[in-house]
Amino acid sequence: CENVMTCPIRPIGSGNEHCPYDWLAVYDGRDEHSPLIGKFCGLGKFPFSIIGTSQYMYVEFVTSPAGPLLNTGFHFNVGNWPGHVETAGIKHGVCDWLLSSDSLKDSSASEGIFLSIAHWYPPNTSCSYHIKGHPGEIVRLYFPSFRINRIESPILKYEGDCGESLTIYDSDHADPARIIKTFCDTFSRPMEKVDFVSTSPSLYVQFDSKTGSYSGSSLYYWAHYDFFNNTRFGDPVPNTLCDEVMYAWKHPGGRLRSPLNSLIFKRTGGSDVRCQYKFVTDRRLYARAIIEVNSVSFKELPYNSNACTRCHEERVDKLVIWEERDKFQNNLACFCDNIPRAVRVISSADQMNLEMIVQGQHAITSYFKNPNPLFEATYEFAHGPLCGPITLGPSPDGELVFPYKKALAMVAGPMAPPEHHYRREKCIWELKVASQRDLWLNLEKARFAERSCESAKIEVYLAGRLEPRFVVCPENISLARDLPILTTAELGATGADQEPLPVLIQYTGDGQPGKNIFRLVWTELFHLPRNPDGSLSASLLQDGGCDFRCPGDTQVCIPRHLLCNGVANCPNVTHTSTLAQLTRHIEWNLEQLGLLHEANEYRQLVLHDESPEICLRRDLSELPYAKLALITLGLCAMFALLIAILRRMCQGAPKQSGLQHLQEDY
């Protein structure tokens, strides 16, 4: 229709059905073989700009054979539009991307970037961004800039909601069950600088448009993504930020450090960051956990008034080791400053906890994307059933026997798991010593299957010492029977009435029952004080604790009940003392034992606590003669009564026989 009076003015239209005569065709490329953006015709101003996908666009004008009467042709402007930011990834098809951790690393950038579609795209377009990390990594996505507008230049009109949408999936594909967030053009609000974090190595972002667009998406966004190492050392605790559990049967030992995922310092909303590591044994008999803290590296804050003086009470960054005892938290160690050397902490039960606490007000600025560990440690589980009870003493004497006899059936019986027969055992005992007592250890019996210290080793540690006080192994077994006395000062006693910290005795070796056997005996010794003139201070010799002075120049003594008990309780110092030193206390000892009249006979003998000369005489002198006399009289009375009963029975038997014969005659 070309009649100016009767024909209506045709509005701007597109497509073959609307443009049968004259049209203007726009192609996205160099020639007519490129993708067709649209055919346009009609009268008026085209309401949209058209943005191509490259630096080329091809425009074709076609007229009908009749030619127009009223139409005057067309006019358009050409300009430049900023192109895309280079994306570190692999493009598949028109707009599907694989953004991998390797590609980001190759680009030497710390964060990857991708933008919303800023050019034309047809209706029912779907573009995807698969952000893929390595195993053990998680993905973070955030939008520094995000605007949501109404669809301004649609190719196809759409009256419903969500004509265009952007969906984030916690998955490696568009899984409807794993949607984190969906943004729509009609009802969503943009979320700038909010972290969207995956729970797996993949995050999937998909843009969908039902309408298409001539000039770009109505969802304008600038997206950043990066990867964080979320490797765990134990089993993650559900619904926690960074808590882990180390089960002995799954993680028998290994290294430990602050979370590799520094994103946790950004996700607490200003509250303190707390990461708790729980060490749980398999509830074997007497089992325990060992943590060795190798380094602590919290940052010093210039405006922080809290100093690391009272670690448990101060609000500072710290590392706390504790265990639950009787439903109360028993603090074992606390670190809020760098440590010069490794510190080992041993549990007294089957569970122990290590907790890292970082103050929330500076967690992001100090530790977010900080590659250095805040702490490093190692852990292991030790003290199996063969080790027996953990705590020994305090008692005047006692013995430590390996293997523990009551546990042999558990680990060596027909129902025992196979690994027990080949397991390398580590035992750690705590030997408590009474206040104001020296300690003497004596390896009374030992049998090792091999002659190497690698196969078996007994180490004795004093409180606060990193190195063992002495080591016993098959190579020096002959020296183990002359171990030195551990004095009260060495044991670390702080007061006259306070017990020193326990002595740690550690055995490391083959755990196969019967392969290594030893019996370690201990004795608490009373150390004799001396007056300024060198004589013994008799004022402290009380309470029956010093009844026998050990031979030699050791100045120690033992109570009476430890004499002749079958165990050598006095140290063997015969090879380091003179004869005069060994015999100096004979008269005093004999007087205490009531054997002073034998002094001349024993004057040249070395009498120790198990000497036959003492034990035989002492046994005879201490026999309970009164009790023996009463027992003898009782036995004699019972014997006489038994004889009387037998005689009575024998006298009654002939009378009964004569009466029987008389009855037969009648």
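Counting from 1, one number per residue, gives the positions in the sequence shown under full-length UniProt numbering.
C-beta atoms are modelled at their ideal positions from N, C-alpha and C, and glycine is treated no differently.
No experiment lies behind these values; they were computed from the predicted model shown.
Leaving out the 5 sequence neighbours to the left and right, which residues in its chain are closer than 6 Å to residue i when beta-carbon positions are compared?
i, result
"Lys546", "Correcting the residue identity first, residue 546 is Cys in this sequence and not Lys. Correct list, in chain order: Phe526, Cys557."
"Lys157", "none"
"His75", "none"
"Phe207", "Cys127, Leu166"
"Asp195", "Arg140, Tyr142"
"Val358", "Val273, Asp317"
"Ile131", "Leu99, Val139, Leu203, Tyr225"
"Ser107", "Ala88"
"Glu355", "Gln276, Val320"
Who are the near neighbours of residue i in its chain, counting only those whose CB is closer than 8 Å to its CB and skipping five residues on each side?
i, result
"Asp185", "Ile148, Asn149, Arg150, Ile151, Cys162, Gly163, Glu164, Ser165, Ser218, Leu219"
"Thr199", "Ile138, Asp170"
"Ala174", "Ser128, Thr167, Tyr204, Gln206"
"Ala637", "none"
For residue i and residue j, I'd like the C-alpha separation in whole angstroms.
i, j, result
"Arg465", "Asp170", "51 Å"
"Arg560", "Phe518", "27 Å"
"His224", "Leu141", "6 Å"
"Pro238", "Lys406", "39 Å"
"Phe228", "Thr53", "33 Å"
"Lys39", "Gly269", "54 Å"
"Asp226", "Thr240", "22 Å"
"Phe265", "Pro571", "59 Å"
"Leu99", "Ser110", "13 Å"
"Gln592", "Tyr461", "36 Å"
"Val472", "Pro513", "20 Å"
"Gly89", "Leu115", "13 Å"
"His134", "Phe470", "49 Å"
"His383", "Pro252", "12 Å"
"Trp222", "Trp23", "37 Å"
"Met649", "Ala640", "15 Å"
"His92", "Leu260", "33 Å"
"Ser81", "Phe48", "Sequence inspection shows Trp at residue 81; the Ser mentioned does not correspond to that position. Going by the C-alpha atoms only, they are around 14 Å apart."
"Phe335", "Cys550", "45 Å"
"Leu504", "Thr378", "19 Å"
"Ile113", "Arg257", "31 Å"
"Ser452", "Gly509", "10 Å"
"Pro153", "Pro176", "In the sequence as presented, Pro is not what sits at residue 153; that position holds Ser. Taking the straight line from one Cα to the other gives about 29 Å."
"Gln361", "Glu300", "14 Å"
"Ala287", "Phe368", "38 Å"
"Glu314", "Gln276", "19 Å"
"Ser103", "Asn230", "19 Å"
Could you please give me the residues that DSSP links to residue i through a beta bridge?
i, result
"Pro236", "Glu244"
"Lys39", "Ala25"
"Lys181", "Ile168"
"Gly509", "Glu425, Ala456"
"Asn229", "Glu137"
"Gln651", "In DSSP, Gln651 forms no bridge with anything."
"Ser213", "Tyr121"
"Phe470", "Val460"
Is the shortest distance between the beta-carbon of residue i and the beta-carbons of chain C less than 8 Å?
i, result
"Cys275", "Considering every chain present, this structure includes no chain C. It has just one protein chain."
Would you say residue i touches the ligand ZN, meaning its beta carbon is less than 7 Å from a heavy atom?
i, result
"Ser103", "The ligand content of the structure shown is nil, which means the ligand ZN is not present either."
Within the same chain, show all residues whose beta-carbon is closer than 7 Å to that of residue i, passing over the 5 residues directly before and after it, in chain order.
i, result
"Thr125", "Ser209, Gly212"
"Ser34", "Tyr27, Asp28, Tyr58"
"Met415", "Low confidence applies to Met415: its pLDDT is 49, below 50, so where it sits in the model is not reliable, and the reading given next is rough at best. Within the same chain, Met415 has no close Cβ partners at all."
"Ile477", "Ala446"
"Asn370", "Ser262"
"Ile50", "Val26, Ile37, Trp120, Tyr214, Ser215"
"Gly398", "Leu392, Trp522"
"Leu431", "Leu392, Gly393, Pro502, Val503, Ile505, Trp522"
"His421", "Confidence in His421 is poor, its pLDDT being 49 and thus under 50, which makes the residue's placement unreliable; the coordinate value appears in the next sentence. Cβ within range, chain order: Gln512."
"Glu610", "Cys564, Ala568"
Report yes or no: do three or more beta-carbon pairs, one from the region 213 to 227 and one from the region 245 to 253, lie closer than 8 Å?
-> The region 213 to 227 is not in contact with the region 245 to 253.
Answer yes if the region 480 to 498 comes into contact with the region 432 to 447, meaning at least three C-beta pairs across the two stretches below 8 Å, and no otherwise.
-> With a cut-off of 8 Å, the region 480 to 498 and the region 432 to 447 count as touching, because enough Cβ pairs lie within range.
Those runs of the beta strand (DSSP E) which lie wholly inside the region 44 to 104 and span at least 3 residues = Complete beta strand (DSSP E) runs here, min 3: 58 to 62, 90 to 92, 96 to 100.
Could you tell me whether the region 286 to 296 touches the region 340 to 353, using the rule of 3 or more Cβ pairs below 8 Å?
-> Output reads yes: the region 340 to 353 touches the region 286 to 296.
How about the region 480 to 487 and the region 390 to 406: do they share at least three Cβ pairs that are nearer than 8 Å?
-> No, the region 480 to 487 is not in contact with the region 390 to 406.
Spell out a yes or no on whether the region 110 to 128 and the region 180 to 197 are touching, meaning 3 or more CB-CB pairs, one atom from each, closer than 8 Å.
-> Output reads no: the region 180 to 197 does not touch the region 110 to 128.
Can at least three beta-carbon pairs, one atom from the region 318 to 330 and one from the region 389 to 398, be found at a separation below 8 Å?
-> Contact fails: fewer than three Cβ-Cβ distances are below 8 Å.
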